[in-house]
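Undergrad: Whatever position you read off the sequence shown (first residue = 1), add 601 for our numbering. Cβ coordinates follow ideal geometry from the N, Cα and C atoms, glycine included. One structure follows; several queries about it will come next.
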Amino acid sequence: MSLINFKKILSCSDQDQVHSAENLLKADPTKKWLSSKKPEERITCTIEFDKLSSIASIDIGNNGCAFIELLVSRLSSKTDDWTVLLPSTLLMTPKESRTNTNNQQTRSCKALHLNPKSVNEKWDRLKIICEQKFARNRPFGLNYIKLYSNDSEQIDIDDEDETETEQKKI
602 MSLINFKKIL
612 SCSDQDQVHS
622 AENLLKADPT
632 KKWLSSKKPE
642 ERITCTIEFD
652 KLSSIASIDI
662 GNNGCAFIEL
672 LVSRLSSKTD
682 DWTVLLPSTL
692 LMTPKESRTN
702 TNNQQTRSCK
712 ALHLNPKSVN
722 EKWDRLKIIC
732 EQKFARNRPF
742 GLNYIKLYSN
752 DSEQIDIDDE
762 DETETEQKKI
């Protein structure tokens with residue numbers, strides 16, 4: 602399995618000044634993405650991949666999120682059309698959230714945990730939705746998120762655009 606490389610952050614609803622969403626692009630394990638000091642119940646971050654890729658598994662390093670949901674899309678789609686990759690998943694119980702225990706757990710999601718409709722397609726955008734409904738008095742987010750592909754050859758997004766342009770000419 603190959604690691605899917607992230608190209609850039611397309612949007613972020615909330616972030617700490619030091620622990621910004623840009624940290625999710627870095628391989629440094631000491632970097633993380635956290636909400637601001639007065640967080641909302643939900644934060645989102647949209648990431649663009651380097652290449653179109655099918656997603657076979659995911660590793661998530663939690664940092665205080667009670668729930669996470671992952672959506673995928675393609676930049677080439679005309680509308681803001683998102684497909685569920687990982688349905689809303691419990692990372693911390695209400696009790697763990699209120700007592701701030703087990704807030705740094707890691708979750709690995711294999712293909713069987715993912716939406717079958719999204720596993721068989723190639724994507725180049727990921728929307729991360731993190732929620733903390735039970736303890737709104739402290740920042741929350743992710744230590745990291747890693748996506749893996751079974752693709753032997755991932756498709757370069759720029760190459761796909763050129764192919765589409767060539768096909769339109771024909």
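1. Which residue or residues does DSSP assign as beta-bridge partners of N664?
2. Going by Cα to Cα distance, which pick from A667, K639, N664 and K747 is closest to K711?
3. Measure the CB-CB distance between L626 and L671 and report whether it falls below 8 Å.
4. Which same chain residues end up closer than 6 Å to E697 when comparing Cβ atoms and leaving out the 5 residues on each side of it in sequence?
5. Please determine, among L715, K718 and S636, the residue with the shortest C-alpha to C-alpha distance to Q775.
6. According to DSSP, what are the bridge partners of T684?
7. Terminal residues of the continuous alpha helix (DSSP H) containing K711?
TA: The relevant details are as follows:
1. Here residue 664 refers to the residue found at position 63 when the sequence shown is read from its first residue. DSSP output for N664 lists G742 as bridge partner(s).
2. Start at 1 with the first residue of the sequence shown, and residue 711 comes out as number 110. Of A667, K639, N664 and K747, the residue nearest in Cα terms is K747.
3. Your numbering for residue 626 matches position 25 in the sequence shown. Your numbering for residue 671 matches position 70 in the sequence shown. Not closer than 8 Å, so no.
4. Position 96 of the sequence shown, counted from the first residue, corresponds to residue 697. Within the same chain, E697 has close Cβ partners N703.
5. Past the boundaries of the shown model lies residue 775; the chain is included only from 602 to 771, so the question cannot be answered.
6. Numbered from its first residue, the sequence shown carries residue 684 at position 83. Looking at the DSSP assignment, T684 forms a beta bridge with V673.
7. Locating residue 711 in the sequence shown gives position 110, where the first residue counts as 1. Premise fails: K711 is in no alpha helix (DSSP H) and is neither H nor E.
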